[in-house]
Every structure is written in structure tokens, then in C-alpha cells.
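Chains as they are written, first to last, in this note's numbering: chain E, 211 to 326; chain V, 23 to 139. Using N, Cα and C, we set each Cβ at its ideal position, and we do this for glycine too. Note that the coordinates shown come from a computational prediction; the quantities given were computed from them, not determined experimentally.
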């Protein structure tokens, strides 16, 4: 079964709305989670690395004030897209680093964000 | 920096055909190599992995061998099924396979596979 749960799976909202996406690790504690963005027919682009109890590390070119990341517990990280606009429409995927080392990361099922 | 290059798709095959998706990488040291599969509307699932040279990863009839001399990790399957239709990503990361220190994943651009009955 899934070890990382991402919610919601789909969001459709008006321009200017802020949207929060949750990523939960279900059966392990995840000190590190990752947020990716995927454009149609393209690869995953790492947006940021979320560290429990500290500030997220953003990749070059990703706006920190636009994409707010909070990792307040060992099982939950959230990504908030603030004042979303149509160009923010995309597929967002989270993952959690596997503390047991069996594989690098476990991925959520993604969130399809559509801004009208 | 590290990079992964996959053969361009899309790839369209008939059921029971042989599949090869090429993957080459550039990295210093000894990365671990992975193939992930993404079904429509879903996240990524680990398909197989290899953590050192000459290792062969296998799962669900898919295989890939870590070739350090050619810096390649080509994905193969002898007989594809319609249910194999998905996007396949080659990826690498640094870190100790036996520990917890896997680093960031670097992905290839993905290859769309469509299998027709």
C-alpha cells in the first residue's frame, strides 16, 4: 500500500486563491521531504527540500514567497501556493526520504492544480 | 553536475514486443541508478534499482544492468503488455545504498511508452 499520502489529488480554483497541498508519510518518520513540479510530458523538477523543524531549501529559480513550505512534524509537510495564477497550474508531487534506505524516496500520487 | 539522458519517446509497441529504453548518465563517483514508472495521473513508483557496477536490477519482467564502462542503465523487457503503458524515468542519486544517506534524485526527461493490443 501507499506509504506517502498526498492530498488533495485535484484542485480547481480561481486566480488569486492560495492553495495548500499536504504530504504525509504513513508508516515512517520523514525528516526530509521533497516537492516537485511536473509539466505535461516533461520530467520532474525539484522545487525544494523540506526539512522537519527547519527552513526548506529551495532550488534556484523557485520563489520562496510564492511556494511556502512547512514541515512541522515528522509525518507532514505542506506546500502552499500563494495567490495562484494560471501559470502555476501544474502537477505537483511530493516525496519522502526513506529512512530505512531501501530506496531514495517514496512518492505521493501527485496533485493536479488548475487555476482558472 | 550530475545528469541523466534518456532516449526520446514516445515509444509505441505492439503487445509481446521487445522493449529497450536507453539511459546514460554523467556523474562523479559511484551513483546508484534507478528506473521509476509513472502511470497516468499518479506519482512515481520504483521499478528497479542497481547500486554498483555490473549489478542487474529486475522486477515485473523488466531488467537493467549498471554498466560503468559505458555509463548506461538501459531498461529492457522481453514481452511488453498493454498494462506496461506508462512513463518511465531513469534516475540517479549519490549515497550509501545500505544506509540512509541517499541524496537528491536526478531524473531523465522520461519516456512515454504506449503498448497496443
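{"query": "What separation, rounded to the nearest whole angstrom, lies between the Cα atoms of residue 74/V and residue 28/V?", "result": "20 Å"}
{"query": "Comparing alpha-carbon positions, which option in 303/E, 294/E, 308/E and 313/E lies nearest residue 325/E?", "result": "294/E"}
{"query": "Show which residues of chain V have a CB atom less than 7 Å away from the CB atom of residue 313/E.", "result": "68 and 71"}
{"query": "With 8 Å as the threshold, decide whether the Cβ of residue 303/E is near any Cβ in chain V.", "result": "yes"}
{"query": "Per DSSP, which one or two residues make a beta bridge with residue 255/E?", "result": "247/E"}
{"query": "What residue range is occupied by the uninterrupted beta strand (DSSP E) comprising residue 79/V?", "result": "78-81"}
{"query": "Look at the Cβ atom of residue 37/V, then the Cβ atom of residue 137/V, and state whether they are nearer than 8 Å.", "result": "yes"}
{"query": "Can you tell me whether residue 240/E is buried or exposed, with buried defined as 16 or more other CB within 10 angstroms of its CB?", "result": "buried"}
{"query": "What does the Cβ neighbour count give for residue 135/V, buried or exposed, with the cut at 16 atoms within 10 Å?", "result": "buried"}
{"query": "Quick check: is the beta carbon of residue 120/V nearer than 8 Å to any beta carbon in chain E?", "result": "Summary for residue 120/V: the model assigns pLDDT 45, below 50, so the residue's position carries little reliability; its value from the coordinates is reported in the next sentence. So yes, residue 120/V belongs to the interface."}
{"query": "List the residues that DSSP assigns as beta-bridge partners of residue 290/E.", "result": "230/E and 278/E"}
{"query": "Just verifying my parser: in three-state terms, what is the DSSP assignment at residue 213/E?", "result": "coil"}
{"query": "With distances taken Cα to Cα, identify the nearest neighbour of residue 115/V among 108/V, 109/V, 128/V and 78/V.", "result": "128/V"}
{"query": "So what's residue 235/E in DSSP terms, helix, strand or just coil?", "result": "strand"}
{"query": "Quick one: what does DSSP say residue 107/V is sitting in, helix, strand or coil?", "result": "coil"}
{"query": "Name the chain E residues whose beta carbon is nearer than 8 Å to that of residue 111/V?", "result": "253 and 254"}
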